[in-house]
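The sequence shown runs 0 to 339 under numbering that gives the first Met the number 0. Beta carbons: idealized from backbone N, C-alpha and C, even for Gly. Reading through the structure tokens given below for one structure.
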Amino acid sequence: MLASLEPGASATRVRGVGRRRATLAAALIAAAALNCGERGAVEPPRAARAGFDGTRAFADLEELVHIGPRPAGSPGAARARELIRERLRQAGWVVEEHAFEAGPPGAKPRRMVNLIARRVDSTAERVLLITHYDTKDIPGIRFVGANDGASGTAVLLELARVLAAYELPLAIELVFADGEEAFGASITRQDGLYGSSALAERMRADGSLERVRSVILVDMVGDADLNLVVDQGSSPLLREIFAREAERLGLGAIIDPTAEMTVIDDHTPFAALGVEHVLAVIDFQFGGRVSPGRLWHTAGDSLESVSASSLNSVGRVLVETVRAVSEHWSKTGAPRARGE
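This is the structure:
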């Protein structure tokens, strides 16, 4: 992923970091008001249901890491897809493969594959959750992406198990994107976000993008020292809902209100094509409190740097956020994509 921040501070692929606590405070006040007026429990039909299990998510993370590097188009990426597909089928989801070819200008295109998981008719209005399963190809490093590549995937796999027990007003769609990582040093307009861009364009062409009410990105959420950033490009409504649910669960501390930035990741192509309500759930301070962090895109992105506790905290908040977002749109009606 790429982040641009407020000018004036130093960074490698970022341009600074905002230090304004007022943003989160205002979001929480607004979220409290929203909570008073709209929240009603959407209870699943099954009397016995499991909550989000960070330990189980971590087991999936470990399996992905043990595959080794998983760059787009590689045998490792293919093995990761098989693992993801099997876990989703075990949880009762129908999995579609979206294959395409892509690559940077002047390079031979690589075959890439997105995995899309659904439980209901694809014509339904939906909330889309997206992560990436590929890892960056870094010369001289055996980069296994425990945080950047495996953590978001593991969280979505556990969400698949949990959400299978719920009947929500809107359909939930899980996307495991290929080719998020750039082949060059960093994401640019022509390099990176290949899977999400291809999927967003396909959905625009076939009309299904009109039925996407929200897109929630989950990436780099395994850091043992978890500090989710405040994405200035995310929908204020979704930021409020996420902050509200985190506070309600006693997990408000996982959000770092001083880390304000604009995140460029797999939600970005959907926002660019008119999906107004997107949310980036990401810790872009991997190893320390300065973005992008000393462990980002290094051999230090390993099992020793991630934790089941972080996965559990993010997963618990996401379960409630997905429920709340789905219910919100069912009650208020959802805006069409900009430009329709």
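Which residue's Cα is closest to the Cα of residue i: the options?
| i | options | result |
| --- | --- | --- |
| H97 | S185, G105, E200, G50 | E200 |
| G105 | G75, D59, R160, D190 | D190 |
| A79 | R109, N113, N311, A49 | N113 |
| A197 | S213, L272, F241 | L272 |
| S213 | G287, H327, R55, L87 | H327 |
| L60 | E157, G139, E95 | E157 |
| A343 | E95, G144, L227, R203 | A question about residue 343 goes unanswered here, because the residues of the chain that appear run from 0 up to 339. |
| W295 | A145, R203, L208 | A145 |
| M202 | G249, P235, S121 | S121 |
| G148 | R84, I137, V64, P291 | V64 |
| R86 | I137, L155, S150 | L155 |
| I55 | D136, S150, K135 | Here the sequence assigns Arg to residue 55, which means Ile is not the residue at that position. Here the closest residue by C-alpha is S150. |
| T297 | R247, P138, T331 | P138 |
| R69 | R247, K330, K135 | K135 |
What does a CB cutoff of less than 7 angstroms around residue i pick up in its chain, not counting 5 residues either side in sequence?
| i | result |
| --- | --- |
| Q231 | E259, M260, T261 |
| E62 | L82 |
| G53 | A307, S308, L310, N311, G314 |
| P103 | F182, G183, Q189, D190 |
| V324 | V126, S213, L237, I240 |
| L192 | E179, I186, D265, T267, P268 |
| L302 | E61, V64, A145 |
So what's residue i in DSSP terms, helix, strand or just coil?
| i | result |
| --- | --- |
| E326 | helix |
| R69 | coil |
| R84 | helix |
| M219 | coil |
| E42 | Confidence in E42 is poor, its pLDDT being 49 and thus under 50, which makes the residue's placement too unreliable to answer from. |
| A245 | helix |
| L173 | strand |
| T320 | helix |
| L225 | coil |
| A49 | coil |
| S234 | coil |
| L27 | Residue confidence is low: L27 scores 43 on pLDDT, short of 50, so the model does not pin down where it sits. No coordinate-derived value is stated. |
| R188 | coil |
| D255 | strand |
| T331 | helix |
Taking 8 angstroms as the cut-off, decide whether the C-beta atoms of residue i and residue j are in contact.
| i | j | result |
| --- | --- | --- |
| D133 | A184 | no |
| V211 | L127 | yes |
| V316 | A223 | no |
| F51 | V318 | yes |
| D360 | V220 | With the chain covering only 0 through 339, there is no way to say anything about residue 360. |
| D265 | H131 | yes |
| M111 | D205 | no |
| F57 | A116 | no |
| V274 | L208 | yes |
| V277 | S234 | yes |
So, does the CB of residue i fall closer than 8 angstroms to a CB anywhere in chain C?
| i | result |
| --- | --- |
| R160 | Structure shown: chain C not included; a single protein chain is present. |
Between residue i and the rest of its own chain, which residues show a CB-CB distance below 6 angstroms, the 5 nearest in sequence each way excluded?
| i | result |
| --- | --- |
| R160 | A90 |
| R118 | W92 |
| L225 | I253, D282, S309 |
| S195 | A176, D265, P268 |
| R84 | V94 |
| G251 | A245 |
For residue i, collect the residues of the same chain with a Cβ closer than 8 angstroms to its Cβ; drop the 5 residues on either side in sequence, then sort them by chain order.
| i | result |
| --- | --- |
| G299 | G286, R293 |
| A123 | L169, A170, R210 |
| R109 | A71, G72, E100, A101, G102, G178 |
| V321 | V126, L128, L158, L162, L167, I171, I215 |
| G67 | G75, R141, V143 |
| A270 | V214, G232, V277 |
TODO: At 4 residues or longer, and completely inside the region 273 to 318: list those alpha helix (DSSP H) runs for me, N to C.
DONE: none
TODO: Run through the region 90 to 167 for me and flag every whole alpha helix (DSSP H) of 4 or more residues, listed as ranges in chain order.
DONE: 150 to 162
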